[in-house]
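What follows is a single structure, written as structure tokens, with notes after it.
Residue numbers (this note's numbering): 5 to 383.
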């Protein structure tokens, strides 16, 4: 079965960028950006970042991950939910404006655990942390933006994962602050918020109650940094080892992530191969690892050759960390290829496994382009 993908960064966005700016400009990378800060991680910088994420209110913090029902980035949402739930240190709720299904981008769908209004009624003092994934729709105003402003005013720490920084900007939280976002979006964010200062070479940035991150896979290190801020370094390092994450500090080489002629050609070539687009089925059941699933589904849905779907005889399953994943009862007969998760490897290692499988099926260039979109260092 062939199915064209609906990618968060999208064919339209990448192709327009490549045509509008030219390959030379797109390859300029991080060091050429006015107002950027490109310094090595100072000896005490990590400690200060962690200190800046300490719980602002409760001893046992309340975390709200706020999604747009119409489209929220898969990994940006599912990984913080899973990592923080597994820490055992916080209470996590995924909320949205309505109780309708959350269509995640580029793959999967889940049910919200509360609405914005329901959360406010249950927790009139607000959240300790609000996590904002990237959204598919680019609203200037709306219930989410107003709600984030309200939470910031109540002393919640606001965390924008990847292009979730755009939403923070609309809420007025970036002006005068250091911040970052996905490599492809940083120029637009700086134009929209000229008073924002771009922090280059950092996977996550903390500035006075506002946290921002680089691209999609930064959701893992920033979630673990938050665990350290709440429960201490030993607790976070133990969890990181269980997940298969060797390091979660803020160090990052932004120069590795930019479009060049090769990537533009790969994008155009894969997009043009309309006869070779595939549906990739990932079998799921109750207790499925949400981290492994999110990484695999996200990667397979960014090839511009394929889209991942969840396979189950049930209409919905619960992840190991309590998210209700809707599947529609889809069977393997409706897909071109089945890719099972490997329970024998740590969940974070699923991304490397998926990239190797993508390289075997579509070529190493496609796998590298997926890693580029995810802002994941992969060779």
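Heads up, the beta-carbon is just placed ideally off N, CA and C, and yes, glycines get one too.
Note that the coordinates shown come from a computational prediction; the quantities given were computed from them, not determined experimentally.
- For residue 95, the secondary structure class from DSSP, reduced to helix, strand or coil, is strand.
- In the three-state DSSP reduction, residue 132 falls in the coil class, being neither helix nor strand.
- Between residue 191 and residue 257, the CB-CB gap reaches or exceeds 8 Å.
- The residue from 325, 253, 309, 167 with its alpha-carbon nearest to that of residue 292 is 325.
- Our two residues, residue 91 and residue 351, have alpha carbons roughly 15 Å apart in a direct line.
- The Cβ-Cβ distance between residue 231 and residue 181 does not fall below 8 Å.
- As a beta-bridge residue in DSSP terms, residue 211 pairs with 214.
- Between the alpha carbons of residue 96 and residue 74 lies a gap of roughly 21 Å.
- Taking a cut-off of 8 Å for Cβ pairs, the region 353-370 and the region 288-302 touch, as three or more such pairs fall below it.
- Within the model, the alpha-carbon separation for residue 335 versus residue 283 is close to 12 Å.
- Measuring C-alpha to C-alpha distances from residue 62 to each of 201, 226, 161, 306 identifies 161 as the nearest.
- Residue 99 has its alpha-carbon roughly 6 Å from the corresponding atom of residue 71.
- The criterion of a C-beta distance shorter than 8 Å is not satisfied by residue 286 and residue 377.
- DSSP places residue 150 in the uninterrupted alpha helix (DSSP H) bounded by 147-157.
- With contacts defined by Cβ atoms closer than 8 Å, residue 238 and residue 138 do not form a contacting pair.
- Scanning its chain for C-beta atoms nearer than 7 Å, with the 5 sequence neighbours on each side dropped, one finds around residue 179 the residues 197, 199, 200, in chain order.
- For the region 293-367, the full-length beta strand (DSSP E) segments reaching 3 residues or more read 310-315, 320-322, 328-330 along the chain.
- For residue 108, the three-state secondary structure derived from DSSP is strand.
- Taking a cut-off of 8 Å for Cβ pairs, the region 163-171 and the region 115-126 do not touch, as fewer than three such pairs fall below it.
- Checking the DSSP bridge columns, you'll see residue 282 partnered with 310.
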